[in-house]
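Undergrad:
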Amino acid sequence: MNPSSLSPVGESVTRIDALEKVTGEAQFADDIQFGPGLLYGRVARSPHPHAQIKGIDVGEALALPGVKAVVTGDDAGGKIGLYLKDRYTFCRDRVRYVGDPVAGVVAASEEIAEQACKLIRVEYEVLEPVLDPLRGAEPDAPVLHPDLGEYEVANFIFPRPGTNISNHFKIRKGDVDAAWPQCDVVVERAFRVPHVQHVPIEPHVAVAQVDRSGQITLWTSSQSPFAQRNLIAESLGISQSQVRVISPYVGGGFGSKAGVSMEALAVVMAQKVPGRPVKMRLTREEEFFCAFVRQGLVAKTQAGATKDGKLLAMKTEYYWDAGAYTEYGVNITRASGYSSTGPYEIPNVWADSYCVYTNHPVGGPMRGFGMPEIHWGIEQIMDLVAEELNMDKVEFRKKNCVREGSIIVTGSKMHPTGLLECIDKAAQAIDWGKDEPASAPHKRRGKGLAIMWKAPAMPPNPGSSAWVRFNEDATLTVGIGGQEIGQGTFTVAAQMAAAVLGVPFEWVRISAPLDTRYSPYEWQTVASRLTWSMGNAIVAAAQDTRRQILELAAEHWGENIDDLDIKDGVVVSYQSEESLPLKDMVVYGLPKPNDQGWRGGPIIGHGKFMPTYVTGLDPETGQGPRSVVHYTTGCQAVDLEVDTETGQITVLRVAAAYDVGKAINPDQVRAQIEGGVVQGLSTALFESIRFGEDGAPQNPSFVDYRIATVVDMPLKIIPLIVEVPQDDGPWGARGVGEHSMVPTAPAIANAVAAALGVRILDMPLTAEKVFLALEEKGERS
Amino acid sequence: MATHQITLTVNGVKEHTQVSSNITLLTLLRERLGLTGTKNGCAAGECGACTVLIDGEPVNACMVLAVETDGAEIVTVEGLARDGELDALQAAFIEHTGVQCGFCTPGVLVSARALLNRSPDPDEDEIKDALRGNLCRCTGYVRIVEAVKAAARGGD
């Protein structure tokens, strides 16, 4: 398959998109020019977290000069949602969070549309809100979705009508009650993780145009053009063929641009002004609470081990603060349940994972899909158990972590994994076990680590497809439906195609922007699944292409196809030593001898991939033969200092080792690791969306919601690559885009605990919180 | 809204244009002059994605009214490459993978250009200080800092 010594797979080739991105020529959705016909949409939003809409008066708004149309819930089609259809694009009878869209205005300018939004009069009857997931799960809590039982839902999600629980996922493995008495050490804690936001530097933007036949075109910054097409078509009750989604480069996604968040608003508004494009951009303020936020979490965890250090039992309750609607939240609830032990082999496990509606912003997917949130607790509990046992934390983890053949939480067998090697490498890189002095008398130094696992959390059948076609000079275009959101997928796609086809990497172009009318189907750019899933489709398409080329050459030369190869863009025969440049055959075909006509023709190859082996899980026990495609594992070790006078944490070194199966582009893998480490650090130290008692976000700006800047980065990040191949990955590869964010926060928390003897269970570890914890302990110098 | 006739130089080209008093330099660049390389990330002077040079100084274009730039010399990301030659910073950002999604990249490059213009051989602290107003959510800043160092050294 891959005979060329010139294969770019495994090489750190330069990013295919770097040149256009450094010159400013790379096009993002807001850069597309629509000419003077462009109109702008703005949205009037609920000021209440929970209220009944009694009436809407749009008369004054409509009368404002420059206003072209006003839309409300009555104009907005049916319900929309990925796994659970639980919301309308514009609210109908009820609002469920501060920011819920009530009406939309289309106008000649953003300013006019904004002004008109303020003229929309909405009469509300304010209802009691639910602002905490524990409260939401109580039997007497106000029910936010009284019609939950009637919502359309995927068959692996289990809502509880009459309550706020939109999914309840259970694990019942072994017998935890019988196991506790056998444990010499049992530790129990409750952890909290706040809502945070993805903060892509590019805010959400969508431009919709509806022609007079009802054909919808949507230009968006999207991780999921195909899912958007599908969900919007379903919501409007029209054919998918009536919706076309075009998506150029995405200026950062991290999950916030997956599925549908604000895009359908633009479509509904555009339907009122046929023929005119309508642009809808979220302001930075809206970005913090009107698209997706990461779900909050309250995790109650109990773990027990015998005195020789063997984990025997673990019991977990997750209360996910899913917000007003779930989109992906129900599946995050599921994924966190079936990953609830972390990467440990534990014979007795009990887990209840609840997705709880609250009157907070919509909980969406965010880099790690629940794993950073649950590992925050898991990896601190493991440290605490090791401390109680007086065992070294590396040794404890190595004794209990999953390895090939381990029976994991769902009862299935773990595939080959390099987790042990990751632990060793990361620990060694920060000189684990060696006490090192702090840089000043009022500072304390500590080291900590955390391990992780994460599987792509998807329906059982998410598909990928790809095609390959040539230009006259044998340069080629690889058609894919996966999106370039910064992770480097276009580069990796080109490397894979070039490697299989035996052509120089530089010859490959990617079919961009993505366009659901022309691009091959791809489920979504989420779950760190593209290198693996789309990669398999690209390999299949390139192999199909290669076969057609070699068959043509074999026929031309009267040779056996097995003797032929493609090297550096030239078909060669090891038998006859004949050679033929691709440019002489891939478009025009080849002449038969003696002017007897031609054979071949423009070559076009295609391929697909879909996992076929993912089985369901028993709804009562969460057990099943194979619930996921694979787990990527890793370990991060942190060396840091805390200033006891200010509570400020300075991260000195982070070593981060991941088993990626095969690094198709090692430099890109390292870049993903570095980026995830700093995003993880940022959530660990700084980030939380704070809500007032009125349910309104209090800090929706970069001044009040701080993310890591260049001065906050760790002084040293050491990315480490481990390669234990995945049996069904291209060249053995599996994904790594999300993973480096997962263990960063608990590794920092563990290092802080090592430095101070103070353990903080609620994220983030702000300087203020650390300072107060030190004061409480009476240990501040 | 009152309008004003202004003359400014953008990437070496003189532009005479009529602007209303309320539009920002960012709007003028992106929506009137078609220079969409300069990005709008927050419209509040907090993220740095719209950084341009005004008379050599790095400024958030979202915080400047277009009318204030009458007579000024503006350099945007589109003006960094000269005569088909990439700026040393652009070449270094390609070589050192200083780019991921690319949305903050134009602003980062312009801020870094201002730094190298005033301090051709900056140390790491100077680089960080110059870039602290440019938010990036993808790279973790590691390779951005490396690329600026490399460009200062002469692009090795």
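As they're listed, the protein sequences go chains A and B. Sequential numbering from 19 applies to the first sequence in the working numbering. Sequential numbering from 1259 applies to the second sequence in the working numbering. Every residue, glycine too, gets a C-beta built ideally from N, C-alpha and C.
1) At a CB-CB cut-off below 8 Å, which residues of chain A make contact with Gln-1263(B)?
2) Give me the residue from Ala-197(A), Glu-569(A) and Glu-220(A) with the minimum Cα distance to Gly-619(A).
3) Looking at C-alpha atoms only, which residue of Val-1271(B), Val-1366(B) and Ala-1409(B) is the closest neighbour of Lys-1297(B)?
4) Return yes when the Cβ of Gly-713(A) is within less than 7 Å of the Cβ of Asn-377(A), no when it is not.
5) Show which residues of chain A have a CB atom less than 8 Å away from the CB atom of Leu-1287(B).
6) If you follow the beta strand (DSSP E) that Gly-625(A) is in, where does it begin and where does it stop?
7) Between which two residues does the alpha helix (DSSP H) carrying Ala-555(A) extend?
8) Have a look at the DSSP bridge pairing and note the partners of Tyr-362(A).
9) Can you give me the C-alpha to C-alpha distance between Thr-41(A) and Ser-265(A), rounded to a whole angstrom?
10) Hey, would you say Gln-313(A) sits closer than 7 Å to Gly-395(A), going by beta carbons?
11) Which partner residues of Ala-674(A) appear in the DSSP bridge assignment?
12) Beta carbons nearer than 9 Å to chain B: which residues of the segment 264-297 of chain A have them?
13) Taking only beta-carbon atoms, is Pro-1364(B) less than 7 Å away from chain A?
14) Consult DSSP for Met-19(A) and reduce its assignment to one of helix, strand or coil.
15) Can you have a look at Ala-545(A) and say buried or exposed, based on whether 16 or more other CB atoms are within 10 angstroms of its CB?
16) Pick helix, strand or coil for Gly-167(A), following the three-state DSSP scheme.
17) Suppose you measure from the CA of Gly-1337(B) to the CA of Asn-1269(B); what does that come to, to the nearest Å?
18) So what's Lys-443(A) in DSSP terms, helix, strand or just coil?
19) Measure from the alpha carbon of Tyr-346(A) to the alpha carbon of each residue in Val-403(A), Ile-621(A), Asn-185(A) and Tyr-592(A), then state which is nearest.
20) Return the chain-ordered list of same chain residues with a C-beta closer than 8 Å to the C-beta of His-433(A), the five sequence neighbours on each side being excluded.
21) Among Val-721(A), Gln-666(A), Gln-513(A) and Ala-94(A), which has the Cα closest to the Cα of Glu-786(A)?
22) Taking Cβ to Cβ, would you say Leu-1283(B) is nearer than 7 Å to Val-1322(B)?
23) At a CB distance below 8 Å, what residues from the segment 208-231 of chain A approach chain B? Give them in sequence order.
24) Tell me Gln-320(A)'s beta-bridge partners as DSSP assigns them.
25) For Trp-485(A), report the span of its beta strand (DSSP E) as first-last.
26) What does the Cβ neighbour count give for Arg-230(A), buried or exposed, with the cut at 16 atoms within 10 Å?
27) Grab me the residues of Pro-243(A)'s own chain with a C-beta within less than 6 Å of its C-beta, minus the 5 sequence neighbours each way, in chain order.
28) Please confirm whether Lys-39(A) has its beta-carbon closer than 7 Å to some beta-carbon of chain B.
29) Using beta-carbon positions only, say whether Val-412(A) and Ala-321(A) come within less than 7 Å of one another.
30) Let me confirm a value: Gly-1329(B) is counted as buried when at least 16 other C-beta atoms fall within 10 Å, else exposed. Which label applies?
31) Between the C-alpha atoms of Ala-468(A) and Asp-410(A), what's the straight-line distance to the nearest angstrom?
32) For chain A, is any of its Cβ atoms less than 7 Å away from the one on Glu-1336(B)?
33) If I measure Cβ to Cβ from Phe-1361(B) and keep anything under 8 Å in the same chain, skipping five residues before and after, which residues do I get?
34) Can you grab the Cα-Cα spacing for the pair Gln-133(A) / Lys-1272(B), in whole Å?
35) Does any residue of chain B bring its CB to less than 7 Å from the CB of Gly-42(A)?
36) So which residues on chain B does Ile-503(A) lean against when the C-beta distance must stay under 9 Å?
TA: Well, looking at it:
1) Within 8 Å Cβ-Cβ: nothing; Gln-1263(B) doesn't reach chain A, min ~22 Å.
2) Glu-569(A)
3) Val-1366(B)
4) yes
5) Neighbours of Leu-1287(B) on chain A: none; closest Cβ ~11 Å, over 8 Å.
6) 622-627
7) 553-575
8) Cys-419(A)
9) 20 Å
10) no
11) Gln-654(A) and Pro-737(A)
12) Tyr-267, Val-268, Gly-269, Gly-270, Gly-271 and Phe-272
13) yes
14) Note that Met-19(A) scores 39 on pLDDT, short of 50, meaning its location in the model is unreliable and no value can be drawn from it.
15) buried
16) helix
17) 5 Å
18) helix
19) Asn-185(A)
20) Glu-422, His-648, Tyr-649, Gln-744 and Asp-745
21) Gln-666(A)
22) yes
23) His-216, Val-217, Pro-218, Ile-219, Glu-220 and Pro-221
24) Glu-206(A) and Lys-333(A)
25) 482-488
26) exposed
27) Val-263, Ser-265, Leu-532 and Thr-534
28) yes
29) no
30) exposed
31) 13 Å
32) yes
33) Lys-1297, Gly-1299 and Ala-1307
34) 35 Å
35) yes
36) Gln-1358, Cys-1359 and Cys-1396
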